[in-house]
Amino acid sequence: MEEKKTDWRTILGMTLIFGLLMFTFVYNQDEPVADETAAQELVIEDETTPVSGTAQPADSTAIADQAASGEMLDFENNLVAFKVNSKGAVIEEALLKNFKTYDSLPVYLARGDDHYFNLQLTTQDGRKINTKDLIFTPRQSRNGENEVISFTAPVGSGSIEYRYEMKPNDYMLDFNIRSNGISSVVNTSEDPQLNWGMKAYRRSKSMSNENRYTEIKFEYDGGSDDYTGQGDTADEEEENISYIAYKQHFFSSILLTDTPFKYGVLESTNIESINEEQDTYTKEFDSQLTLEYSGGELAYNMDWYFGPTDYDILTTYDRNLDEVVDLGWGIFGWINEFAIRPYFTFLTVNLGIAFGIAIILLTITVRLVLSPVLYKSYLTQAKMKILRPELNKIAEKYKDNAMKKQQETMRVQSEAGASPLSGCLPALMQMPVFFALFKFFPTAFDLRQKSFLWADDLSSYDEIFSLPFEIPFYGDHVSLFPILASISIFFYMQMTTGQSMQSPQPGMPNMKFIMYLSPLFMLVFFNNYASGLSLYYFVSNLITIGIMLVIKNFIIDKDRVLAKIEKAKAKPKKKKGRFAAKMSEIMEQAQAQQEAQKKKK
């Protein structure tokens, strides 16, 4: 099995965000190759004549050529329009009526040979029956308001039926596979094999960004879920699969089954990375699934979803389909599910606020909620700056004894309540929120094709002009929001770390270099990302700078902080905690060993 690969851009982005924050306080079955007889399939006498007009031989053991093309049948509701070919009873076209691509073309989830579906049975004498080669007889009817099309094809003395049922206002299509009397023909000791595959089309302005969120998601073992990953080729093998989702960023095709598939191999091929000259497809998906006979027959109740990868729509089906939307794992997903998404929906749906303004309001709210944490971190930084003269004296006094210098530094910081750890912990508390938002904006369906200022699509990049050439890693265009976000990051870092960069300590990285390099990384990384995300970071940095200026000029009093430090020094020494005492003991032992080694020399 190919090792699952994670998109390096996602890793870089999350690492970059983490690094920027921490830097501030510590200073991301193949179908068998057909032989010459493979086009010949087993068929039997049937009471009806196929709609295609091609009559079948009456001999139950006859071998007939099924190369004729079938009849195309249309059925639709107000959301999706389908075309199903009576040859193979396969969906050859699935058109979403209410959506357009970035260049105003129709959104197809299936079209022609780019979508295939085949059930392979093995006869008692070892031959293969492929339903994709059979001409099915269609019958159209209604079940109340629902439109029904059933397709039946003879198999030996029995038959196999594909049945589709469509509700008036639903992206979900009921799909059943039934057989009747085929046990006299097929070898029921050899499991049927189902092969479903499709190519994912490009629909967004940024093909690379769209491809980043295009993958196979699936559920198995009654509720566990997984994905194939982002490698050039990726595959997963699993048992008891209950659904397979071909997620194409903002649109998905999902096959669900009430009776879990016994076993499956799910494969994804990254067409974009393998063939960079084409701009039609992002990935190709293929699933090879093992079914089981029940009493010598096939009986599978399934559903097919062709529609948007919209969290609010997918959750209405109560089939765990919300996992198709990548909100993040663990606490990141919880924050998005129970806080960020509901609040953003409240702003945009309940209050009817424009999406760009909603992002700004969301950003303001997040920064205000986290402002106590920011205050705690900034207070620690302020104390450290106030203590710097004293710490410099300690560094000079014990310049030849690193262990003693560290002990004295820790003592002074502890007395002043300015331990660097007390600044790191608040920063770590912010990380789940930042990572959650990093996952939320690129997957928020509501942002698709929503404009704000110069950005015509908040789910894609905000190009202000295109380049006549392509810059590696950066792209062939210039996005403005990432530039603004990078500038704001630069000034934010200069405010928080600028005063501590004059003389880098031995062994420490050049902080001034990092201060310039980090915004550059952010600029390059976000140039092809969703502009809604860049807008968030730009506004977030501006608000953070504003809060820090208020804290610095109106809240923190340097003289009061100094007086508090002196008061803390004058107090009797408190008994050290177990952890602090243990650390002190370890350092004392290390110092003693160091001094003993010096005496030996």
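So that you can map any letter, position 495 of the sequence shown is 495 in full-length UniProt numbering, and since no number is skipped, the others follow by simple counting. Cβ atoms here follow ideal geometry from the backbone N, Cα and C, with glycine treated the same way. Quick caveat: nothing in here was measured; it's all calculated off a predicted structure.
- Query: If you drop the 5 nearest sequence neighbours on each side, which residues of the same chain put their C-beta closer than 7 Å to that of residue 61?
  - Reply: Residue numbering aside, residue 61 sits at position 61 when the sequence shown is read from its first letter. Unreliable placement is indicated for residue 61, whose pLDDT of 29 sits below 50; the coordinate value is still reported in the next sentence. There are no such residues.
- Mind checking residue 266: buried by the 16 CB within 10 Å criterion, or exposed? For the purposes of this step, residue 266 is taken as residue 266 along the sequence shown, with counting starting at 1. The residue in question, residue 266, is buried, as its Cβ has 16 or more Cβ neighbours within 10 Å.
- Message: I'd like the span of the beta strand (DSSP E) that includes residue 140, first residue to last.
- Response: In the sequence shown, residue 140 corresponds to position 140, counting from 1. Note, residue 140: beta strand (DSSP E), 137-143.
- Measuring CA to CA, which of 123, 153, 101 is closest to residue 85? As a position in the sequence shown, residue 85 is number 85, starting the count at 1. Measuring from the Cα of residue 85, the nearest candidate turns out to be 153.
- Query: Apart from the five residues on each side of it in sequence, which residues of its chain come closer than 6 Å, Cβ to Cβ, to residue 450?
  - Reply: Working through the sequence shown from its first residue, we reach residue 450 at position 450. Around residue 450: 355, 458.
- Message: In the DSSP output, which residue or residues are listed as bridge partners for residue 303?
- Response: Residue 303 sits at position 303 when you count from the first residue of the sequence shown. In the DSSP output, where bridge partners are listed per residue, residue 303 has 174, 256.
- Query: Between which two residues does the alpha helix (DSSP H) harbouring residue 212 extend?
  - Reply: On the sequence shown, position 212 is the one that residue 212 refers to. 207-212 is the extent of the alpha helix (DSSP H) around residue 212.
- Note down the Cα distance separating residue 485 from residue 491, rounded to an integer number of angstroms. Locating residue 485 in the sequence shown gives position 485, where the first residue counts as 1. Locating residue 491 in the sequence shown gives position 491, where the first residue counts as 1. Using only the alpha carbons, I get a separation of about 10 Å.
- Task: Tell me, to the nearest whole angstrom, how far the beta carbon of residue 177 is from that of residue 298; I am working on the premise that it is less than 8 Å.
- Result: As a first step, residue 177 is located in the sequence shown; it is residue number 177 there, counting from the start. As a first step, residue 298 is located in the sequence shown; it is residue number 298 there, counting from the start. At roughly 6 Å, the Cβ-Cβ gap stays under 8 Å, so residue 177 and residue 298 are in contact.
- At 3 residues or longer, and completely inside the segment 82-136: list those beta strand (DSSP E) runs for me, N to C. 90-100, 106-111, 115-122, 128-130
- Query: Who pairs with residue 72 in a beta bridge, going by DSSP?
  - Reply: Residue numbering aside, residue 72 sits at position 72 when the sequence shown is read from its first letter. Answer by DSSP bridge pairing, in chain order: 85.
- Looking at the unbroken beta strand (DSSP E) that takes in residue 288, where does it start and where does it end? As a first step, residue 288 is located in the sequence shown; it is residue number 288 there, counting from the start. Start and end: 281-290.
- Under 6 Å Cβ to Cβ from residue 180, same chain only, skipping five residues before and after it: list those, please. Position 180 of the sequence shown, counting from 1, holds the residue named residue 180. Excluding residues within five positions, the ones whose Cβ falls inside 6 Å are 158, 159.
- Euclidean distance between Cα positions of residue 617 and residue 399: Outside the shown range of the chain, which is 1 to 601, sits residue 617, and nothing can be said about it.
- Message: Here's the rule: buried if 16 or more other CB atoms are within 10 angstroms of the residue's CB, otherwise exposed. What is residue 248?
- Response: Residue 248 sits at position 248 when you count from the first residue of the sequence shown. Classification of residue 248: buried, given that the 10 Å Cβ count is 16 or more.
- Query: For residue 508, does the three-state DSSP call read helix, strand or coil?
  - Reply: Numbered from its first residue, the sequence shown carries residue 508 at position 508. Confidence is the limiting factor: at residue 508 the pLDDT is only 48, short of 50, which leaves the residue's position unreliable, though a coordinate-based value still follows. Coil, per DSSP.
- Mind checking which residues open and close the beta strand (DSSP E) that includes residue 248? Counting from one through the sequence shown, the residue named residue 248 turns up at place 248. Residues 233-248.
- Query: Does any C-beta atom of chain C lie closer than 7 Å to the C-beta of residue 158?
  - Reply: No chain C appears in this structure, which consists of one protein chain only.
- Task: Tell me, please, whether the segment 523-536 touches the segment 437-450 by the rule of three or more beta-carbon pairs shorter than 8 Å.
- Result: yes
- Does DSSP classify residue 541 as helix, strand or coil? Sequence index remark: in the sequence shown, residue 541 carries index 541 (1-based). Here residue 541 sits in helix by DSSP.
- Query: Taking DSSP as the reference, what is the three-state secondary structure of residue 364?
  - Reply: Locating residue 364 in the sequence shown gives position 364, where the first residue counts as 1. DSSP places residue 364 in helix when its eight states are reduced to three.
- Query: Is it buried or exposed for residue 135, if we count other Cβ within 10 angstroms and need 16 for buried?
  - Reply: Locating residue 135 in the sequence shown gives position 135, where the first residue counts as 1. Its Cβ being crowded by 16 or more others within 10 Å, residue 135 is buried.
- Task: Enumerate in chain order the residues of its own chain whose CB-to-CB distance from residue 263 is below 7 Å, with the five nearest sequence positions on each side excluded.
- Result: If you number the sequence shown from 1, residue 263 lands on position 263. Correct list, in chain order: 239, 290.
- Taking C-alpha atoms, which residue in 225, 453, 211 lies nearest to residue 231? In the sequence shown, residue 231 corresponds to position 231, counting from 1. Per the Cα distances, 211.
- 6 Å CB neighbourhood of residue 524 in its chain, flanking five on each side removed: Residue numbering aside, residue 524 sits at position 524 when the sequence shown is read from its first letter. The residues are 473, 474.
- Message: Could you compute how far the alpha carbon of residue 548 sits from the alpha carbon of residue 106?
- Response: On the sequence shown, position 548 is the one that residue 548 refers to. On the sequence shown, position 106 is the one that residue 106 refers to. Distance between the alpha carbons of residue 548 and residue 106 is about 48 Å.
- Query: With respect to the beta strand (DSSP E) encompassing residue 465, which residues constitute its N-terminal and C-terminal limits?
  - Reply: In the sequence shown, residue 465 corresponds to position 465, counting from 1. First-last of the beta strand (DSSP E) with residue 465: 463-471.
- What do you reckon, are the CB atoms on residue 284 and residue 217 nearer than 7 Å? The residue you call residue 284 lines up with position 284 of the sequence shown. The residue you call residue 217 lines up with position 217 of the sequence shown. No, they are not a contact pair.
- Message: Please list the terminal residues of the continuous beta strand (DSSP E) segment that includes residue 196.
- Response: Numbered from 1 along the sequence shown, position 196 holds the residue referred to as residue 196. From DSSP, the beta strand (DSSP E) with residue 196 extends over 193-201.
- Backbone secondary structure at residue 276 - three-state DSSP: Taking the sequence shown and counting its residues from 1, one reaches residue 276 at position 276. Coil, per DSSP.
- Item | DSSP state of residue 265 mapped onto helix, strand, coil | The sequence position of residue 265 within the sequence shown is 265, counting from 1. Of the three classes helix, strand and coil, the one that applies to residue 265 here is strand, per DSSP.
- Along the chain, where does the alpha helix (DSSP H) that runs through residue 448 open and close? Position 448 of the sequence shown holds residue 448. Looking at the DSSP string, residue 448 is not in any alpha helix (DSSP H), and its letter there is neither H nor E.
- Item | Sheet register partners of residue 152 (DSSP bridge) | One-based indexing of the sequence shown puts residue 152 at position 152. 137, 161.
- Task: Identify whether residue 353 lies in helix, strand or coil by the three-state DSSP scheme.
- Result: As a first step, residue 353 must be located in the sequence shown, where it is residue number 353. Three-state result, residue 353: coil.
- In whole angstroms, what separates the C-alpha of residue 360 from that of residue 344? In the sequence shown, the residue the question calls residue 360 occupies position 360. In the sequence shown, the residue the question calls residue 344 occupies position 344. About 11 Å.
- Message: Going by DSSP, what residue range makes up the beta strand (DSSP E) through residue 475?
- Response: Indexing the sequence shown from 1 puts residue 475 at position 475. 475-479 is the extent of the beta strand (DSSP E) around residue 475.
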